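Each residue of the sequence shown is one higher than the last, beginning at 48 in this note's numbering.
The C-beta atom is built at its ideal place from N, Cα and C for all residues, glycine as well.
These numbers come from a predicted model, not from an experiment.
Read the structure below first, then the notes.
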Amino acid sequence: MMNFAKWISFSFVIICIYILWQIKQMLLLALTALVLALTLNILVKKLIDLGLKRIYGILLSILTLFAIIILFFLILVPSLISQFQELFTLVPKGINKLILELDNFKYYISPDFSDSLPDLQEILVQLQPIFSNLYKKGFNFIFGFFGVLLSSLLLLALTLMILVDPLPYKQGFIRLFPSFYRTRINVILHQTKIQLEEWLADTFIKITSVIILTFLCLLILQVPLVSAQALLAGILAFIPYIGPTISVISPMAIAFLYSPWIPWLILIFYITIYQVTDKIIIPKLRQNRVVLIPANVIIGEVIFANFLGLLGLFLALPLIIISQILIKEILIKDIFDHWQIK
Numbered sequence: 048m049m050n051f052a053k054w055i056s057f058s059f060v061i062i063c064i065y066i067l068w069q070i071k072q073m074l075l076l077a078l079t080a081l082v083l084a085l086t087l088n089i090l091v092k093k094l095i096d097l098g099l100k101r102i103y104g105i106l107l108s109i110l111t112l113f114a115i116i117i118l119f120f121l122i123l124v125p126s127l128i129s130q131f132q133e134l135f136t137l138v139p140k141g142i143n144k145l146i147l148e149l150d151n152f153k154y155y156i157s158p159d160f161s162d163s164l165p166d167l168q169e170i171l172v173q174l175q176p177i178f179s180n181l182y183k184k185g186f187n188f189i190f191g192f193f194g195v196l197l198s199s200l201l202l203l204a205l206t207l208m209i210l211v212d213p214l215p216y217k218q219g220f221i222r223l224f225p226s227f228y229r230t231r232i233n234v235i236l237h238q239t240k241i242q243l244e245e246w247l248a249d250t251f252i253k254i255t256s257v258i259i260l261t262f263l264c265l266l267i268l269q270v271p272l273v274s275a276q277a278l279l280a281g282i283l284a285f286i287p288y289i290g291p292t293i294s295v296i297s298p299m300a301i302a303f304l305y306s307p308w309i310p311w312l313i314l315i316f317y318i319t320i321y322q323v324t325d326k327i328i329i330p331k332l333r334q335n336r337v338v339l340i341p342a343n344v345i346i347g348e349v350i351f352a353n354f355l356g357l358l359g360l361f362l363a364l365p366l367i368i369i370s371q372i373l374i375k376e377i378l379i380k381d382i383f384d385h386w387q388i389k
């Protein structure tokens with residue numbers, strides 16, 4: 048039987064979990080700011096290695112961030128907007144062409160087998176509620192409550208505050224735990240920081256490689272809207288397995304409008320690009336890689352996307368890394384390994 052103190056403790060844990068769930072989108076925003084701050088901190092470390100003081104490294108990193116944002120909106124955004132508008136027009140036409148090709152293909156196979164194949168239009172109808180649900184869960188909070196501008200400013204402010212002086216936030220988080228466990232939490236936070244920085248370095252190389260290789264591939268094959276599709280492939284490379292699968296749909300659908308065989312060549316090229324990036328480029332450039340079991344990544348993406356929406360899907364990998372460390376260090380090492388039956 049649980050005594051009164053244990054019931055109070057148990058109730059307090061349940062209340063904390065409920066509160067955290069209610070503010071989950073705010074926590075995701077904070078996690079996004081943390082990821083951005085760690086990204087800039089990698090640049091700060093490189094500048095310190097070159098001989099700059101940390102304060103100057105931070106200032107230079109912040110100026111670099113603002114310069115990238117300004118150049119992106121002044122130079123890239125206008126051309127990309129027109130390309131993405133055309134992309135949204137061509138992709139549905141390409142998908143319709145694909146549906147016609149599949150319908151024609153059914154005439155060459157057994158009727159019993161063709162009748163058992165799912166209709167592509169039915170699949171798209173079934174997928175639409177899933178994508179709508181992801182969009183609502185991921186962006187209702189940010190766009191509905193804060194607005195695009197306010198949420199962006201909040202994200203930028205959080206990022207800069209964490210980058211400039213991370214110690215107060217770290218100490219404040221550690222003080223949420225009992226005094227006897229604070230040293231252990233500090234060690235776990237340090238491990239988490241290292242793992243996230245290693246993952247960010249791997250991801251930066253992966254995104255850059257995918258954008259460059261995709262651009263060259265589509266340029267050689269003379270597929271329209273090369274810049275927009277290469278950028279889309281790079282963004283979706285942030286999401287393992289699911290992202291690359293989605294990114295290949297757009298160029299294949301557009302290519303179906305011009306050729307029956309180029310789409311399959313694009314598919315082969317895309318598979319080769321990700322294999323070369325994961326198996327050759329990143330291992331050559333990175334010695335300390337974050338190793339994640341593929342099954343855990345896929346399961347994690349499904350879970351976080353289902354509960355947290357589109358933003359949870361994009362942040363699935365850092366959430367998986369954090370969860371993996373917490374389960375290993377707290378649940379297994381600190382609880383299960385010391386569990387004794389009296």
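Here LYS100 carries a coil assignment [DSSP, helix/strand/coil]. Cα atoms of GLY281 and ILE382: separation of roughly 40 Å, rounded to the nearest angstrom.
Within 10 angstroms of the beta-carbon of SER256 lie 16 or more other beta-carbons, which makes it buried. The residue from PHE227, LEU207, THR319, SER370 with its alpha-carbon nearest to that of SER108 is LEU207. When the beta-carbon positions are compared, THR250 and ILE320 stay at least 8 Å from each other.
Runs of the alpha helix (DSSP H) lying entirely within the region 323-374 and spanning at least 4 residues, in chain order: 329-332, 341-361, 363-373. By the 16-neighbour rule on beta-carbons within 10 angstroms, ILE301 is buried.
Residue environment analysis places GLY219 among the exposed positions, since fewer than 16 neighbouring C-beta atoms fall within 10 angstroms of its C-beta. Membership of LYS253 in the alpha helix (DSSP H) is indicated by the continuous run 229-267. Shown here, PHE120 sits in a helix according to DSSP, grouped into three states.
Annotated three-state conformation of PHE135 is helix, per DSSP. Taking TYR216 as reference, the option from ILE318, ILE64, LEU78 with the minimal CA-CA separation is LEU78.
Put simply, of ILE313, LEU121, ILE368 the residue whose alpha carbon is nearest the alpha carbon of GLU245 is ILE368. Within the same chain, and ignoring the five residues on either side of ILE258 in sequence, the residues whose Cβ sits closer than 6 Å to its Cβ are ALA277, GLY281. Considering only PHE224, MET299, LEU364, LYS71, the residue with the shortest C-alpha distance to PRO341 is LEU364.
Apart from the 5 residues on each side of it in sequence, TYR103 sits with its Cβ closer than 8 Å to the Cβ of LEU94 in its chain, given in chain order. When the beta-carbon positions are compared, LEU210 and LEU87 come within less than 8 Å of each other. It is roughly 24 Å from the alpha-carbon of PHE224 to the alpha-carbon of LEU85. Distance from the CA of ILE372 to the CA of VAL138, rounded to the nearest whole angstrom, comes to 41 Å.
It is roughly 12 Å from the alpha-carbon of ILE61 to the alpha-carbon of GLN69.
Annotated three-state conformation of ALA77 is helix, per DSSP.
Between ILE345 and TYR305, the CB-CB gap reaches or exceeds 8 Å.
The Cβ-Cβ distance between ILE313 and LEU268 falls below 8 Å.
The beta carbon of LEU378 lies closer than 8 Å to none in the same chain, with the five residues before and after it left out. The three-state secondary structure of ALA277, taken from DSSP, is helix. Separation of SER294 and LEU265 (C-alpha to C-alpha, rounded to the nearest whole angstrom) is 13 Å. For GLN72, the number of other beta carbons within 10 angstroms of its own is at least 16, and it is reported as buried. Across the set GLN132, VAL82, LYS100, ILE116, the C-alpha of GLN132 shows the shortest separation from the C-alpha of SER274. Here ALA248 is buried. Its C-beta has 16 or more other C-beta atoms within 10 Å.
Between the C-alpha atoms of ARG229 and ARG222 there is a straight-line separation of about 7 Å.
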